[in-house]
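In our numbering, the protein residues as written are 421 to 698.
Cβ atoms here follow ideal geometry from the backbone N, Cα and C, with glycine treated the same way.
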Ligand code: PAF
């Protein structure tokens, strides 16, 4: 069942709620891959009703070209979801999400400010606003997000806590291609050669650096070495490769707290991001 309007979605959700059924939501922008499907399977295992949302959210793109290049593959997406027993796909038109006169922005501070927040101004405002709206439209009890977008996951957790939203946020592990490359809708924009030969260096370099840090090497030594390795492998540019407090995304100054290594780098004009535990 594909629902296009908030009204139709709400009518369906009301019947499920009346029957006492919990609802899980998997927010996506479509172009589904194995990572998304693993989120759907997690939701399916825990929730009697599962909604997948497909909406390419214009407000979270800082670059118009990135928005127009974003793959739109709704028929194929619906085909992939069919065997997983999804109860509804909510694929609204932009005017359903942002009707004329729309004037509200949800802006998360702190965790949303560094890294992606600094490099892509307005990005997390767009994400937080649409996710808040999707929570409101679906009335979901549980929401599933990939750890692949680690900072996004922390931003959503912060927003839910700060606004007392009645939804449990579930983070699910990153799925990787056999080469180690994190699954992403952007991978399909890489040339076959770059995808097979160069892109896997991102995870390899991060894994090596994280291991070195765990063995006592200073991040100030391990991270520049990882950056060099990426450039040697064929990445055009490294936006960042850092270790941060896993929850706040601020500097990792307290070794007693969990750390996360996060990286963003360009290959074939495509910006890839990844993260791993340190
Ligand atoms: O991760 C994504 O695909 C998007 O940022 C999300 C959460 C669906 C919001 O548009």
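Could you check whether the Cβ of residue i sits closer than 7 angstroms to any heavy atom belonging to the ligand PAF?
i, result
"residue 582", "no"
"residue 550", "yes"
"residue 449", "yes"
"residue 528", "no"
"residue 477", "yes"
"residue 569", "yes"
"residue 432", "no"
"residue 547", "yes"
"residue 480", "yes"
"residue 637", "no"
"residue 500", "no"
"residue 670", "no"
"residue 572", "yes"
Can the beta-carbon of residue i be found closer than 8 angstroms to that of residue j?
i, j, result
"residue 548", "residue 527", "yes"
"residue 605", "residue 616", "no"
"residue 473", "residue 554", "yes"
"residue 590", "residue 563", "yes"
"residue 459", "residue 446", "yes"
"residue 693", "residue 630", "no"
"residue 560", "residue 422", "no"
"residue 656", "residue 686", "yes"
"residue 467", "residue 432", "no"
"residue 514", "residue 425", "no"
Under a three-way DSSP split, which group does residue i fall into?
i, result
"residue 552", "helix"
"residue 695", "strand"
"residue 623", "helix"
"residue 659", "strand"
"residue 672", "coil"
"residue 569", "helix"
"residue 558", "helix"
"residue 528", "coil"
"residue 683", "strand"
"residue 590", "strand"
"residue 585", "coil"
"residue 444", "strand"
Excluding the 5 residues flanking residue i on each side, which residues of the same chain have their C-beta closer than 8 angstroms to its C-beta?
i, result
"residue 496", "452"
"residue 578", "528, 530, 531, 532"
"residue 567", "573, 591, 592, 593, 594, 695"
"residue 552", "526, 579, 583, 585"
"residue 603", "453, 454, 455, 568, 594, 595, 596, 597"
Give a single yes or no on whether residue i has its beta carbon closer than 7 angstroms to a heavy atom of the ligand ATP.
i, result
"residue 520", "For the ligand ATP, the structure offers nothing, since it holds only the ligand PAF."
Residues in the same chain with beta-carbon distance under 7 angstroms from residue i, minus the five sequence neighbours each way, listed in chain order, please.
i, result
"residue 638", "none"
"residue 624", "600"
What residues in its chain sit with their C-beta under 6 angstroms from that of residue i, if we drop five residues either side in the sequence?
i, result
"residue 507", "469, 470"
"residue 449", "476"
"residue 550", "477"
field: contact_flag[the region 499-506, the region 539-547] where n(CB pairs < 8 angstroms) is 3 or more
entry: no
- request: Answer yes if the region 637-646 comes into contact with the region 471-486, meaning at least three C-beta pairs across the two stretches below 8 angstroms, and no otherwise.
  value: no
message: When you compare the region 677-695 with the region 656-663, are there three or more beta-carbon pairs, one atom per stretch, that lie closer than 8 angstroms?
response: yes
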